[in-house]
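> Chains as they are written, first to last, in the numbering used here: chain A, 114 to 454; chain B, 280 to 423.
So this is what it looks like as structure tokens:
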């Protein structure tokens, strides 16, 4: 499988811009170092050539940026709720699921968006690189098959990409693009992944161990709200966490109850709509495995109500706003779990 | 110093059309159920926002039970079907986080089942009392 390069994407975007098909481009922007790639909006071909980048650090899921777009017009920030002019978006396979899910929820106009699917070879987690390479990271080159790292203290290093693959890519659920107008590179298939293994491991613990595990993880939370802000399913314009009367407004958790409360609510609000794109864990500055909460819901829903993948098709009904007459009883859920254990 | 006898605090969300009437019937029939059960009347069991349950635990409840009409008998046709899905996933999640699964329950009680209401409450209070105080989902600021 040939790697897709930044140049190919810029070429494609420039072509569409010059033809007048799109007015702006939603893509990934270079940061100060090679690995701090952020989402960015590009208004011209020159901008694209200067700042656009696609590589193993372009992990951000861009779909959410279609919902709300802020533009600086003569020094003033204007918010467009739906894109006014046609915009080009690049979608990796997992982004395309979020794209479909947002479309299902009528969060943007499909006509205003031109989607280009890009082949994804798995993203690299910089934290894992730092762990192996140690302090004094100078540069990370991911253009080859291996990750070549230059460091100040430990010299140059060659790390196999598999060792530093982001957690969500290790357990990649699908290489298939479910939504696109045009495709760059190849699209794959839905993969029979082991993504629920970790959830099962926790389920098999005793309640005391589970409690200790989550207490340990969730107490790291600093309530930066990054998981909510990055989540493509969290697109409510009025969020419960912004309401000062809710008791869970934007402030650091006062005690262990508030830590749990925030995370239960956050995970529950996206239950049934979460596409398991893994953005929550990726953006977490404290490295809390938040995807394990979401995956628990996905696993439960799959077990109780039949397999469901949010965003796999436009217009599908989320399991929690649906029902059948013969659903499993809440009390039976636990008996069932015991049988499996 | 004499230790105060431990009595659990139970919050019961009862649907207006079935379970609340069932509780009423239990009273009319002079059936005993513990006074630790605090009933909150809701228009339908699906009125219970999962947040209510977390909030109840925060404010010192040791157990939360949701009572509604039997599936198929909902006054609003389908409310309790939604409750069933919501609570199945929520309770499973609470269990996943290590909160004792015995502290949460959903029971279907019709208006004619006064005896079942009393029996359910007796059983639930006994179960929660054996677990002791809710330590895992408590908020110390809300302690009396």
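All C-beta atoms, glycine included, are put in the ideal place defined by N, C-alpha and C. On a predicted model such as this, the values are computed, not experimentally measured, just so you know.
#1: Counting pairs of Cβ atoms below 8 Å between the segment 162 to 172 of chain A and the segment 131 to 148 of chain A, do you hit three or more?
#2: Kindly say whether residue 310 (chain A), judged by its beta-carbon, lies nearer than 8 Å to any beta-carbon of chain B.
#3: In this structure, what does DSSP give as the bridge partners for residue 291 (chain B)?
#4: Against chain B, does residue 355 (chain A) count as a neighbour if the rule is that its beta carbon must be under 8 Å from one of theirs?
#5: Nearest to residue 288 (chain A) by CA position, among A:271, A:306 and A:255, is which residue?
#6: On the criterion of 16 or more Cβ atoms from any shown chain inside 10 Å, does residue 335 (chain A) qualify as buried, or is it exposed?
#7: Leaving aside the five residues before and after residue 302 (chain A) along the sequence, list all residues of the same chain whose C-beta is less than 6 Å from its C-beta, in chain order.
#8: Tell me the rounded alpha-carbon separation between residue 402 (chain A) and residue 309 (chain B).
#9: For residue 270 (chain A), name the three-state secondary structure that DSSP assigns.
#10: Just to confirm, is the Cβ distance from residue 245 (chain A) to residue 276 (chain A) under 8 Å?
#11: Residues bridged to residue 152 (chain A) by DSSP?
#12: Go ahead and label residue 453 (chain A) buried or exposed: buried means 16 or more other beta carbons lie within 10 angstroms of its beta carbon, across all protein chains shown.
#13: Whether or not the segment 332 to 347 of chain A and the segment 378 to 392 of chain A are in contact is what I'm after, with contact meaning three or more pairs of Cβ atoms, one per stretch, closer than 8 Å; do they touch?
#14: Using 8 Å as the cut-off, can you tell me whether the segment 378 to 396 of chain B makes contact with the segment 290 to 309 of chain B, which would need three or more C-beta pairs spanning the two stretches below that distance?
#15: Roughly how far, in whole angstroms, is the beta-carbon of residue 313 (chain B) from the beta-carbon of residue 401 (chain B), given that I think they are within contact range, below 8 Å?
#16: Quick one, are the C-beta atoms of residue 213 (chain A) and residue 292 (chain A) less than 8 Å apart?
#17: Could you tell me which whole alpha helix (DSSP H) segments of length 4 or greater appear in the segment 390 to 420 of chain A?
#18: Going straight from the alpha carbon of residue 237 (chain A) to that of residue 279 (chain A), what length do you get?
#19: Verify whether the separation of the beta carbon atoms of residue 354 (chain A) and residue 366 (chain A) is less than 8 Å.
#20: Confirm, please, whether the CB-CB distance from residue 294 (chain A) to residue 274 (chain A) is below 8 Å.
#21: Distance cutoff 8 Å, beta carbons only. Does residue 310 (chain B) sit that close to anything in chain A?
#22: What is the C-beta distance between residue 417 (chain A) and residue 438 (chain A), in whole angstroms, given that I count them as a contact (C-beta under 8 Å)?
#23: Tell me, please, whether the CB atom of residue 375 (chain B) is closer than 8 Å to any CB atom in chain A?
#24: Determine the chain A residues that contact residue 399 (chain B) at a beta-carbon separation under 8 Å, and present them in chain order.
#25: For residue 380 (chain B), decide whether its Cβ has a neighbour in chain A, counting only Cβ atoms nearer than 8 Å.
#26: With respect to the alpha helix (DSSP H) encompassing residue 317 (chain A), which residues constitute its N-terminal and C-terminal limits?
#27: Contact criterion: CB-CB distance below 8 Å. Does residue 273 (chain A) meet it with respect to chain D?
#28: Would a check of beta-carbon distances place residue 431 (chain A) closer than 8 Å to chain B?
#29: Return yes when the Cβ of residue 140 (chain A) is within less than 8 Å of the Cβ of residue 232 (chain A), no when it is not.
#30: Listed from N- to C-terminal order along the chain, which residues in the segment 405 to 420 of chain B have their beta-carbon within a distance smaller than 9 Å of any beta-carbon of chain A?
#31: What residues of chain B sit near residue 443 (chain A), judged by a beta carbon separation below 7 Å?
#32: Just confirm the distance between the C-beta atoms of residue 412 (chain B) and residue 344 (chain B), as a whole number of angstroms; I'd bet it's less than 8 Å.
Short version:
#1: In short, these stretches touch, since the Cβ pair count reaches three.
#2: No - not a single Cβ of chain B is within 8 Å of the one on residue 310 (chain A).
#3: Answer is B:318 and B:344.
#4: Output row for residue 355 (chain A): interface = no.
#5: With respect to the C-alpha of residue 288 (chain A), the residue from A:271, A:306 and A:255 having the closest C-alpha is A:306.
#6: So residue 335 (chain A) ends up on the exposed side.
#7: Counting only Cβ-Cβ distances below 6 Å, and skipping sequence neighbours, we find 289.
#8: About 52 Å.
#9: In the three-state reduction of the DSSP assignment, residue 270 (chain A) falls in the strand class.
#10: With contacts defined by Cβ atoms closer than 8 Å, residue 245 (chain A) and residue 276 (chain A) form a contacting pair.
#11: Answer by DSSP bridge pairing, in chain order: A:141.
#12: Its pLDDT being 45, under 50, residue 453 (chain A) is placed unreliably in this model, and the value from its coordinates should be taken loosely. The residue is exposed, with fewer than 16 neighbouring Cβ atoms inside 10 Å.
#13: The answer is yes - the segment 332 to 347 of chain A touches the segment 378 to 392 of chain A, with three or more Cβ pairs under 8 Å.
#14: Contact holds: three or more Cβ-Cβ distances are below 8 Å.
#15: The beta carbons of residue 313 (chain B) and residue 401 (chain B) sit about 7 Å from each other, so the pair counts as a contact at 8 Å.
#16: Yes.
#17: With a minimum length of 4 residues, the continuous alpha helix (DSSP H) runs that stay inside the segment 390 to 420 of chain A are 392 to 396 and 404 to 418.
#18: CA-CA distance, residue 237 (chain A) to residue 279 (chain A), rounds to 5 Å.
#19: Not closer than 8 Å, so no.
#20: Not a contact, by the Cβ cut-off of 8 Å.
#21: For residue 310 (chain B), not one C-beta of chain A is nearer than 8 Å to its own C-beta.
#22: Their Cβ separation, rounded to whole angstroms, is 14 Å, which puts residue 417 (chain A) and residue 438 (chain A) out of contact at 8 Å.
#23: Residue 375 (chain B) counts as touching chain A.
#24: The premise fails here: residue 399 (chain B) is roughly 11 Å from chain A at the closest Cβ pair, so nothing lies under 8 Å.
#25: So, interface residue.
#26: For residue 317 (chain A), no alpha helix (DSSP H) segment is defined, and its DSSP state is neither H nor E.
#27: Among the protein chains of the structure shown, namely A and B, there is no chain D.
#28: No, because no Cβ of chain B sits closer than 8 Å to the Cβ of residue 431 (chain A).
#29: Taking 8 Å as the Cβ cut-off, residue 232 (chain A) and residue 140 (chain A) do not qualify as a contacting pair.
#30: Residues of the segment 405 to 420 of chain B with a Cβ closer than 9 Å to any Cβ of chain A, in chain order: 415, 416, 417, 418, 419 and 420.
#31: Within 7 Å Cβ-Cβ: 363, 366, 367, 370 and 385.
#32: That pair is no contact at about 17 Å.
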